[in-house]
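J.: Following this message is one structure expressed as structure tokens.
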Amino acid sequence: MISLDRVSFGYDERDTLSEVSIDVPPGSFHFLTGPSGAGKTTLLKLLYLDHLPRRGRLKLFGEDPATLERRRIPQLRRRIGVVFQEFRLLEHMTVVQNIALPLRVAGHRLDDYQADVMELVKWVGLNARIDAYPRELSAGEKQRAAIARAVINSPDLILCDEPTGNVDPEMGARILRLLIELNRLGKTVLIATHDLGLIRSARGGVGARILRLADGRLTLGAAEL
Ligand SMILES: Nc1ncnc2c1ncn2[C@@H]1O[C@H](COP(=O)(O)OP(=O)(O)OP(=O)(O)O)[C@@H](O)[C@H]1O
1 MISLDRVSFG YDERDTLSEV SIDVPPGSFH FLTGPSGAGK TTLLKLLYLD
51 HLPRRGRLKL FGEDPATLER RRIPQLRRRI GVVFQEFRLL EHMTVVQNIA
101 LPLRVAGHRL DDYQADVMEL VKWVGLNARI DAYPRELSAG EKQRAAIARA
151 VINSPDLILC DEPTGNVDPE MGARILRLLI ELNRLGKTVL IATHDLGLIR
201 SARGGVGARI LRLADGRLTL GAAEL
């Protein structure tokens, strides 16, 4: 599903990620942890093809983005549900329009999916906010909208950056249950988080593997858990 072979990337002359090698098989559940500034978000951005490796090789769904025609990148992205820390909701669209966006992009008729969208909206507790715009939402509400948008289209790969960072513990546990459930349905899940409690509560249930980044390098396991 994802393989990185000695991938390095930097925003300037310095390497922010250095010689990172990872193999993420289809249907697996991974946590990516490590201190602030270690490069977790940067790695997720590489996986979402926001950036290309500076050195080394990245393969996603068997494709090498470095040699892929640019027009094929959106096709790969359509197979990925992503929750970034800054949410990336579209400001001119309402909550429900944002959540349904991946369906529209995939060319589905929204009328056929209205019940699914509303079920998910309700599930993330935003049914009273469907017509609100992102600027009118709290951080936790934006995060819930971003999670719903990430999963509405049943993507093969789900990437989440601190998906429970802005919600209360009860909603955090629900989000984790949803991600575990999607993993049981065969989806590949990768979650970047500092939250060791989140990792502990998921780990046994899904046999999650833990990747730890420190200073842009991958280190072994998570002895502190
Ligand atoms: N757009 C950018 N331009 C320049 N440097 C950047 C940019 N984005 C991130 N960095 C730097 O890259 C390094 C890794 O940042 P990144 O956001 O990937 O870390 P992180 O592990 O996700 O941190 P956190 O847990 O705080 O979110 C940091 O030193 C950061 O300052």
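Just so we're aligned, residue 1 is where the sequence shown starts under the UniProt record's numbering, counting upward by one.
The beta-carbon is built from N, C-alpha and C at its ideal position, and this holds for glycine as well.
What does the alpha-carbon distance come out to for the pair Ala150 and Asp12?
T.: 30 angstroms
J.: Is His194 near ligand 2 - that is, is its Cβ less than 8 angstroms away from at least one heavy atom of it?
T.: Ligand 2 is absent from the structure shown, which contains only ligand 1.
J.: Considering only heavy atoms of ligand 1, list every residue whose Cβ is less than 5 angstroms from one of them, following chain order.
T.: Tyr11, Thr16, Ser36, Gly37, Ala38, Gly39, Lys40, Thr41, Thr42
J.: Can you find the residues in the same chain that come closer than 6 angstroms, C-beta to C-beta, to Glu162, ignoring five residues on each side of it along the sequence?
T.: Correct list, in chain order: Gln85, Thr193.
J.: Using the Cβ count rule (16 or more neighbours within 10 Å means buried), how would you classify Pro53?
T.: It is buried - the Cβ of Pro53 has at least 16 other Cβ atoms within 10 Å.
J.: Is it true that the CB of Asp50 sits closer than 9 angstroms to the CB of Leu58?
T.: Remark: C-beta atoms of Leu58 and Asp50 do not approach each other more closely than 9 angstroms.
J.: Please report the residue range of the alpha helix (DSSP H) in which Leu32 lies.
T.: Where Leu32 is concerned, there is no enclosing alpha helix (DSSP H), although the beta strand (DSSP E) it sits in stretches over 29-33.
J.: For the candidate residues Val96, Ala38, Ala139, whose alpha-carbon lies nearest to that of Lys122?
T.: Looking at the Cα atoms, Val96 is the closest of the given residues.
J.: Beta carbon of Val83, beta carbon of Leu159: below 9 angstroms?
T.: yes
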